[in-house]
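Read top to bottom, the protein sequences are chains A and B. Here the UniProt record's numbering is used: the first residue of the first sequence is 1, the next is one more, and so on. Here the UniProt record's numbering is used: the first residue of the second sequence is 1, the next is one more, and so on. What follows is one structure encoded as structure tokens, with my remarks underneath.
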Amino acid sequence: MVETLRTHIDQALKSLSSVLLGKERQVRLALTCLLAEGHLLIEDLPGMGKTTLAHALARVLGLDDKRIQFTSDMLPADIIGVSIFEPRESQFRFHPGPVFTQLLLADEINRATPKTQSALLEAMEEGQVSVEGESYTLPRPFFVIATQNPSSQFGTFPLPESQLDRFLMRVTLGYPAPEVERELLAGGGTRERAQQLEQCLTPPQLKQVQEGCRQVHASASLIDYVQRLLQYTRESEEFSYGVSPRGGLALLRCARCWAWLAGRDHVVPEDVQAVLGAVVAHRVRSASDLSGHEGERLVARLLAEVDVIGH
Amino acid sequence: MKGGLISRTAVGWQLLVVLLSVLPHMEWLPLWVPALVVSTAGARLMIHSGRWSFPHWSVKTALVIAACMGLILSFNQTAGPETMVALLVVGQALKLLEIYHRRDALVVLFVTLFVTATTFLFNETVWMAAYVFLVVTLVLAAMNSIQQSDHNNLYADHLRNAVRLLFPAIPFMLVLFFLFPRLEPFWSVTLDTGQAQTGLSDELSPGDVSKLAQSSALAFRASFSGPVPPPEQRYWRMLVLSEFDGRRWTRPALQVRRQLRTEKLYPLVEGQNYEVIMEASGRPWLPALDQPMKAEAGFFMTPVRTLRASQAVDRRLQYRLQSVPLYRLQPLLTAQEEQRYLQLPARGNSDSRELARQLVADSGGDTSRVIRQLMELFNREFIYTLEPGRLGRDSVDQFLFEAKQGYCEHFASATVFVLRSAGIPARVVTGYQGGEWNPYEGYLQVRQYDAHAWVEYWTPGSGWQRLDPTAAVAPERIRSSAQEYFRAYENRFAGAVSRLGAGWLRDLAQRYDAFNYAWHRWVLNYEGQQADLLRDWLGGGEQWRQVLAWIVPSAMVFGGLAWYLMRPRRASPRDPLERVLQRLQQRLSVLGNERLPAESLSMWLRRSADDWPRQKGMLLKLALLDDRLRYAEQADPEQRGEMIHLSRQLLRELPRGKRHES
């Protein structure tokens, strides 16, 4: 049973990697994030394959996906939906917006105004939307992949810390390696290929996998290690502020999924280290540079300083 | 705080502690010194706030020269401790003008600590100790404040830090207090603080003792190891006066005193032990209960059996003594000695001489009858009062035949005069009589108003005997105390004595005195108790035991401290598996495979396995087992044994030193 699930997942990983060449780690992180039932933020320059990744994930997992391109004149109703008066029935009827889907790709989220951003983020957090006093539950699973340009670019509204915290992970794709890029150039566009990917996992199977991830064992020594990591972010002078308990829980949840993907029934420190950057980097601020671009450096510091084995 | 600049809070602290440290010296410092301190403190404030600039060097030089001149003039070119402390205070004040760096502020604070310590040269009371403790705490806070960064610079934080630093010091303080040997000071400090100390002087003229009786200042305290003698036996001898010039009684001249024979004492009963804590009197004579048997080391017994210290008593002094209430003193006198105690001025006081002749004639030459008649006369016609009026020339005549009232010195003086005129060797003894019992700490407190003068006369065979004419006039004075006597008999007397009138006030005063006594006995003069304590603890008072008692605890304390500071950063774990794994880590790290903090043990073992092909199997096995033990759900206890075994085997097989590349 578990073996079949694992075969499916491996198949999914292979499919995804065939579309996003040379990005095995990011693909795996994205899948981990999904298994951990969290939302993913992909931050990179335009044209790095963010949208391709989102599409490919939706195809491979057989999820119903919609896409919103965020713009600065967008209103919350454009995401959530509107109630429109039906003259025939002489009452208002709710027309659901694009948010009513299983996998939502929110492209360039930081182009929208804070008001619109927060409408989406609220939906992400609550799993439901409220329109004119009525609550509408979003489908399950509900998974948001938001992409954004680095906030130092023009015409962007950077997400505030409180909303960044809603994203379980933040990954950057980065430029491809030279040989991969050569292959990419030779092979033509990848977006079409993403459309042709086959479904590897049904939604019930996805649910089973998520269940399996929750069962992964985290021993006392491992939890100690995670705690020491969190403690360091709070005590070190390099950090302007530390990781919240929610961030800590997210870290452990992701490490469990990563371990499951690696085929283990228990978490080892390497699992934590593998997801640490993606989970923690957007939740911390450097004390010396408040622009928020030092996250990776801080994570590197965290890895180097905190001993896996505490005495 | 780069460059050692000083925050505003720190300046506030510095000025506060400087002023507080000088405050106790105010009473004896020449007025310009505190004035200088206050003005430099003000200048410091102006400089710090940027309103003034730092003074030019010429200004500072001028100030230094002026201050030195001032010191020389104020202290009459004497280099006593007062001068030195004043110099210290002046330096402290002037240094305030040139605090450029943190280092300068530290200098000021160190000098402040020193000035604070010198407070004890002048005042050793418990209140001063409490005050000094407070100032030291504040100085610590001030030191703390100059090390703190500019922001978050709060007075309360510094104070809290200081207290937190002081608390761990308390055990050390107690250990040092109890065990540190009290060394004799390397130098002797004589203090003349200019305060007039009250006490008996070495001569007695009419009015001397009654003047003392106005003072309720404490003279000394005495505690007894046995039963306390009844009031009528509490005669505290201090001086024996045998020379009379018609008005004053004095001791014999120095050359005469040197030639005196030490009087022989034959105790008739067992002696009683007691301890006296003497207040500063500015004079060397010490009270001793009639009659002292032997002087403690460091004190002298004069030929006339009074006690004296080697120098004037400038601060509280504690000594032990043994006295005997019943005795025979010097049963035999040489003719020369007898002559000395019969010596009288050639002329004057003729009526008194006549009275003596008459008494001798009436009693047929019997000494005891002469005395009885004289005492009866006193009892019949004389009044005991503190205000006897002035006596002119022929004071004895005036007293005996005109005034007929007087204080103890008048009676003693007249009695000796009459006895000598009657051919009976006699002398005046001054000291204290009585004392008030303090029930809270169990000691007798004797105040200046207990000062007394009485008489000793000599008869062949019996030797010197005590005679107190005051007892004949006012027996209650002897049985109770001067204070009670005058309260009962002279309500109009409104000196210091009656200040202790109300019962509860008196009780309060006694408690307060008991507290002071305990402070002196157990803290200031702990030396004696320390010797006892050490003897009890160590089973003997020899030098080597004391040295051991000092060395062993300090070795333990410092050893513990050294261990704490120098212990390896990662203490060896208790668990045998963890211990052997740690050894393995150390070994491999020496061999060039150091574990990075981010590496788990299993990962590091796997990495190392590539470098050690022969041990690869074992290393990988150990990695697997460790991974399972630490992180898997079901831990197998047998697995630990296997891991220990594997690690030991690895330790045996791996080389001890650096690997040689072949």
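Each residue gets a CB set at the ideal place from its N, CA and C atoms; glycine is no exception. Note that the coordinates shown come from a computational prediction; the quantities given were computed from them, not determined experimentally.
Just verifying my parser: in three-state terms, what is the DSSP assignment at residue i?
i: Q291 of chain B; result: coil
i: M1 of chain B; result: Only weak support is given to the placement of M1 of chain B: the predicted model assigns it a pLDDT of 36, under 50, and the question is left unresolved by the model.
i: A494 of chain B; result: Low confidence applies here, because A494 of chain B scores a pLDDT of 44, under 50, leaving its location unreliable; read the following figure in that light. It is coil, neither helix nor strand.
i: S395 of chain B; result: helix
i: R102 of chain B; result: helix
i: F178 of chain B; result: helix
i: R574 of chain B; result: coil
i: W28 of chain B; result: coil
i: T470 of chain B; result: helix
i: F167 of chain B; result: helix
i: R264 of chain A; result: coil
i: N349 of chain B; result: coil
i: V284 of chain A; result: coil
i: N438 of chain B; result: strand
i: V111 of chain B; result: helix
i: E456 of chain B; result: strand
i: G463 of chain B; result: strand
i: S240 of chain A; result: strand
i: W544 of chain B; result: helix
i: T202 of chain A; result: coil
i: P34 of chain B; result: helix
i: S53 of chain B; result: coil
i: S188 of chain B; result: Because the pLDDT of S188 of chain B is 47, which lies under 50, any placement of that residue in the model is unreliable, and the number read from its coordinates should be weighed accordingly. Of the three classes helix, strand and coil, the one that applies to S188 of chain B here is coil, per DSSP.
Using a C-beta to C-beta distance shorter than 9 Å, which residues of chain A count as neighbours of residue i?
i: R103 of chain B; result: Those do not exist, as R103 of chain B stays about 26 Å from chain A at its closest Cβ, beyond 9 Å.
i: L601 of chain B; result: V308, I309
i: P597 of chain B; result: L303, A304, E305, V306, D307, V308, I309
For a contact meaning CB atoms closer than 7 Å, what does residue i contact in chain A?
i: E27 of chain B; result: Residues of chain A passing the Cβ test: none, with the nearest at roughly 51 Å.
Thinking just about the alpha-carbon of each residue, which of the options is nearest to the one in residue i?
i: Y457 of chain B; options: B:A471, B:E441, B:T415; result: B:T415
i: M48 of chain A; options: A:E37, A:R253, A:V171; result: A:V171
i: R447 of chain B; options: B:L332, B:I65, B:P252, B:A217; result: B:A217
i: W437 of chain B; options: B:A509, B:R393, B:L344, B:D397; result: B:A509
i: R427 of chain B; options: B:A162, B:V64, B:A412, B:D536; result: B:A412
i: R166 of chain A; options: A:D224, A:A119, A:A12; result: A:A119
i: A337 of chain B; options: B:T262, B:A346, B:Q272; result: Per the sequence shown, residue 337 of chain B should be read as Glu rather than Ala. Minimum Cα distance to E337 of chain B is reached at B:T262.
i: K50 of chain A; options: A:I145, A:Q205, A:H217, A:H95; result: A:I145
i: L75 of chain A; options: A:R6, A:E179, A:G212, A:K115; result: A:K115
i: V115 of chain B; options: B:M84, B:F177, B:P267; result: B:M84
i: L254 of chain B; options: B:P303, B:N76, B:A295, B:T78; result: B:P303
i: W464 of chain B; options: B:Y274, B:Y319, B:H520, B:L265; result: B:L265
i: K621 of chain B; options: B:W544, B:W52, B:L650, B:F75; result: B:L650
i: V19 of chain A; options: A:L34, A:H39, A:A54, A:A36; result: A:A54
i: K211 of chain B; options: B:R320, B:R44, B:E124, B:H410; result: B:H410
i: V37 of chain B; options: B:V90, B:A474, B:H56, B:S7; result: B:V90
i: L317 of chain B; options: B:I277, B:R308, B:R535; result: B:I277
At 8 Å on the CB atoms, spell out the chain B contacts of residue i, in chain order.
i: D284 of chain A; result: One detail in the question is off: residue 284 of chain A reads as Val in this sequence, not Asp. Within 8 Å Cβ-Cβ: nothing; V284 of chain A doesn't reach chain B, min ~17 Å.
i: D224 of chain A; result: Within 8 Å Cβ-Cβ: nothing; D224 of chain A doesn't reach chain B, min ~10 Å.
i: H217 of chain A; result: Y631, A632, E633
i: D265 of chain A; result: A632, E633
Name the chain B residues whose beta carbon is nearer than 7 Å to that of residue i?
i: V268 of chain A; result: S600, D627, Y631
i: Q273 of chain A; result: A598
i: S221 of chain A; result: R630, Y631
Roughly how far, in whole angstroms, is the beta-carbon of residue i from the beta-carbon of residue j, given that I think they are within contact range, below 8 Å?
i: D271 of chain A; j: A259 of chain A; result: 4 Å
i: R59 of chain A; j: A194 of chain A; result: 6 Å
i: S162 of chain A; j: A112 of chain A; result: With a Cβ gap of about 16 Å, S162 of chain A and A112 of chain A do not count as contacting.
Does the beta carbon of residue i fall short of 6 Å from some heavy atom of the ligand ADP?
i: R102 of chain B; result: No copy of the ligand ADP appears in this structure; indeed no ligand is present at all.
**OP:** Please go through the UniProt domain "ATPase AAA-3" (39 to 169) of chain A and give each complete alpha helix (DSSP H) segment of 4 or more residues, from N-terminal end onward.
**Re:** 50 to 60, 76 to 80, 114 to 126, 161 to 164
Original post:
If you scan the segment 238 to 323 of chain B from start to end, which runs of the alpha helix (DSSP H) of 4 or more residues do you find wholly inside it?
Top reply: Segments of the alpha helix (DSSP H) lying fully in the segment 238 to 323 of chain B: 254 to 259.
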